[in-house]
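Right, here's the structure in full:
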């Protein structure tokens with residue numbers, strides 16, 4: 001149960017932990033008990049929001065808040081680096097990796113029309 005609960009792993013983690021919790025008697029299990037297992041930042045956000053009544057509501061809220069928090073953390077690190085959101089997809093010179101030019105894929109439909117015309121011109125003209 002003590003795994004990382006960040007970003008994309010949060011939904012998987014929530015689903016697995018809910019399956020585990022569902023095996024217990026319902027009287028023992030509450031959404032509030034499940035929330036205590038979450039990351040502290042996610043717990044803080046969940047306690048600010050209207051309290052979930054069911055475990056599935058708690059799971060959806062936890063996933064939503066974890067996504068929001070991971071985007072905020074990513075934005076903060078961009079600010080620290082002096083980058084803007086628009087630059088996120090454009091790596092700096094130190095972050096660039098070597099790229100190779102891809103070869104064009106040949107069409108499965110056959111040669112292009114320009115190749116057909118060129119091929120016809122090269123045929124020797126014979127008696128018809």
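Numbering (full-length UniProt numbering), first residue to last: 1 to 128. Cβ coordinates follow ideal geometry from the N, Cα and C atoms, glycine included.
Among the residues of its own chain, which have a CB less than 6 Å from the CB of residue i, if the five just before and after it don't count?
{"i": "residue 18", "result": "55, 59"}
{"i": "residue 73", "result": "none"}
Which whole-angstrom value describes the C-beta separation of residue i and residue j, a residue pair presumed to lie in contact below a C-beta threshold of 8 Å?
{"i": "residue 42", "j": "residue 20", "result": "Actually they do not touch by this definition, with Cβ atoms about 18 Å apart."}
Could you tell me which of the options sits nearest to residue i, measuring between CA atoms?
{"i": "residue 14", "options": "77, 75, 53, 61", "result": "61"}
{"i": "residue 69", "options": "45, 35, 12", "result": "45"}
DSSP three-state label for residue i, please.
{"i": "residue 69", "result": "helix"}
{"i": "residue 38", "result": "coil"}
{"i": "residue 43", "result": "helix"}
{"i": "residue 54", "result": "coil"}
{"i": "residue 17", "result": "helix"}
{"i": "residue 12", "result": "helix"}
{"i": "residue 49", "result": "coil"}
Excluding the five sequence neighbours on either side, which residues of its own chain have a C-beta within less than 7 Å of the C-beta of residue i, listed in chain order?
{"i": "residue 51", "result": "none"}
{"i": "residue 35", "result": "43, 46, 58"}
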